[in-house]
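Peer 1: Please find one structure pasted underneath; my questions will follow.
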Amino acid sequence: MRSKDFKKWEFLGEFMTKELPGLEQHDHSCTDFFKLGNKHMMLLISHSWGARYYLGEWKDNQFTPEFHTKMSWTNNYRGIPIYWAPKTLLTPDGRRVVITNIQVNLGNTLWSCAFSLPWELSLPDDGIVRIKPVRELECLRYNEIAENNITVKNGEDYRLKEISGDTLELNVTIKPTEATAYGVKVFCDKDNQNGMEIFYSADKQTISIGDGNEAEKPYGSSQPYGVAPFELNAGEDLNLRIFIDKALVEVFINERQAVVQSQLHKPEDVGICLYSRGGDIKADVTSWKMAAANQW
Numbered sequence: 000m001r002s003k004d005f006k007k008w009e010f011l012g013e014f015m016t017k018e019l020p021g022l023e024q025h026d027h028s029c030t031d032f033f034k035l036g037n038k039h040m041m042l043l044i045s046h047s048w049g050a051r052y053y054l055g056e057w058k059d060n061q062f063t064p065e066f067h068t069k070m071s072w073t074n075n076y077r078g079i080p081i082y083w084a085p086k087t088l089l090t091p092d093g094r095r096v097v098i099t100n101i102q103v104n105l106g107n108t109l110w111s112c113a114f115s116l117p118w119e120l121s122l123p124d125d126g127i128v129r130i131k132p133v134r135e136l137e138c139l140r141y142n143e144i145a146e147n148n149i150t151v152k153n154g155e156d157y158r159l160k161e162i163s164g165d166t167l168e169l170n171v172t173i174k175p176t177e178a179t180a181y182g183v184k185v186f187c188d189k190d191n192q193n194g195m196e197i198f199y200s201a202d203k204q205t206i207s208i209g210d211g212n213e214a215e216k217p218y219g220s221s222q223p224y225g226v227a228p229f230e231l232n233a234g235e236d237l238n239l240r241i242f243i244d245k246a247l248v249e250v251f252i253n254e255r256q257a258v259v260q261s262q263l264h265k266p267e268d269v270g271i272c273l274y275s276r277g278g279d280i281k282a283d284v285t286s287w288k289m290a291a292a293n294q295w
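Have a look at this one:
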């Protein structure tokens, strides 16, 4: 419907011309609708999946969806989608920015929430949505440290020598490799155990994040993996931008995917490891401590 004065309304018809196959049973809540690139995006939540979106064409006052995927790929320790009810704004320079509430595991309540980082969405000509943290977050950086030309042998964990912590931004670049699964583990204890794993599976073409140990831990329940589809192009580096804010971790993968997870850990368990299975990897890592956003 539309109105010029919010008193008299004209009925225009059904908003969507169709539903995509397999999505008929999912509800549409907290809908946000906007132009992105040469398409329109309908960003919303369903109570079973959390955040998801459609891309399609807006014509003659109707939306025809052409593509759909989740934006929420992980659940919290109670099985509730972590990335929950996103809303967007348009910045003065024309960027589409999304922010949401995240269900954080604080161990003592079902509804522990925090705001996500602001994510910038864009849609270039290749039709693949880009997701990246807004550039304004760079003003929180201080104490830059780099560890470059790292070689991680097959089947080994490599603990970073100078970089550790749980209020960090990490930029990890892993060169093309024959390894089948590789990535980063944060919140490691002194024995490189009990961390949160962020890894790429070349065989399954997925990015996974979570606690791989199924045993119950004294500091927080074990987390199921969040698994998101992601495929590297031939010869492409794997780039992980990882933001760690105490228990909360947000990861941006080559600007084409993003995953979120939370995990409680002991204050001293702040080691960071690289690891590889099925082959060696070579990596460069840069880190910054992150100042509190309210200082700026």
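Under numbering that gives the first Met the number 0, the residue at position 151 of the sequence shown is numbered 150, and the numbers go up by one with no gaps.
Beta carbons: idealized from backbone N, C-alpha and C, even for Gly.
#1: Which of helix, strand or coil does DSSP assign to E168?
#2: Pick from E168, I241, D188: whose alpha carbon is nearest that of I197?
#3: Would you say M15 and P85 are within 8 Å of each other, going by their C-beta atoms?
#4: State buried or exposed for A178, treating a residue as buried only when at least 16 other CB atoms are found within 10 Å of its CB.
#5: D308 bridges to which residues according to DSSP?
#6: Is it the case that the Cβ atoms of V284 and I206 are separated by a distance below 8 Å?
#7: Terminal residues of the continuous beta strand (DSSP E) containing L119?
#8: So does the stretch 259–269 actually touch the stretch 122–134, counting three or more Cβ pairs closer than 8 Å?
#9: For the structure I just gave you, are there three or more beta carbon pairs, one from the stretch 230–249 and one from the stretch 140–156, closer than 8 Å?
#10: Hey, out of I81, N170, D236, whose CA is closest to V259's CA?
#11: Which partner residues does T205 have in the DSSP bridge list?
#12: Hey, K288 and Y141 are a contact pair by Cβ (cut 8 Å); roughly how many whole angstroms apart?
#13: Give the C-beta separation of E249 and L136 to the nearest angstrom, bearing in mind that I take them to be a contact with Cβ-Cβ under 8 Å.
#14: Touch check for the stretch 170–185 and the stretch 230–239: three-plus C-beta pairs under 8 Å?
#15: Where does R134 fall in DSSP's three states?
#16: Around the C-beta of G301, are 16 or more other C-beta atoms found within 10 angstroms, so that it is buried, or is it exposed?
#17: DSSP has R314 in a bridge; who is on the other side?
#18: Who does H39 pair with in a DSSP beta bridge?
Peer 2: Here's the rundown:
#1: The residue labelled residue 168 in the question sits at position 169 within the sequence shown. The answer is strand: DSSP assigns E168 an E or B state.
#2: Position 198 of the sequence shown, counted from the first residue, corresponds to residue 197. Comparing Cα positions, the closest option is I241.
#3: As a working mapping, residue 15 is identified with position 16 in the sequence shown. As a working mapping, residue 85 is identified with position 86 in the sequence shown. No, Cβ-Cβ distance for M15 and P85 is not below 8 Å.
#4: If you number the sequence shown from 1, residue 178 lands on position 179. A178 is buried by the Cβ-count criterion.
#5: The requested residue 308 does not occur in the structure, where the chain is confined to residues 0 to 295.
#6: Locating residue 284 in the sequence shown gives position 285, where the first residue counts as 1. Locating residue 206 in the sequence shown gives position 207, where the first residue counts as 1. Not in contact: V284 and I206 (Cβ atoms no closer than 8 Å).
#7: Here residue 119 corresponds to residue number 120 of the sequence shown, with the count starting at 1. A small fix is needed here, since residue 119 is Glu in this sequence, not Leu. Residues 118–121.
#8: no
#9: no
#10: Counted from its first residue, the sequence shown places residue 259 at position 260. If we check each option's Cα against that of V259, I81 comes out closest.
#11: Within the sequence shown, numbered from 1, the residue matching residue 205 stands at position 206. Answer by DSSP bridge pairing, in chain order: S200, P228.
#12: Here residue 288 corresponds to residue number 289 of the sequence shown, with the count starting at 1. Here residue 141 corresponds to residue number 142 of the sequence shown, with the count starting at 1. Rounded, the Cβ-Cβ distance is 5 Å, consistent with contact.
#13: Position 250 of the sequence shown, counted from the start, is the residue given in the question as residue 249. Position 137 of the sequence shown, counted from the start, is the residue given in the question as residue 136. At roughly 10 Å, the Cβ-Cβ gap does not stay under 8 Å, so E249 and L136 are not in contact.
#14: yes
#15: On the sequence shown, position 135 is the one that residue 134 refers to. Here R134 sits in helix by DSSP.
#16: Examination of residue 301 is not possible in this model, given that the chain is present from 0 through 295 alone.
#17: Outside the displayed range of the chain (0 to 295) lies residue 314, so it cannot be described from this structure.
#18: As a working mapping, residue 39 is identified with position 40 in the sequence shown. For H39, which the question treats as bridged, DSSP gives the partners K34, G55.
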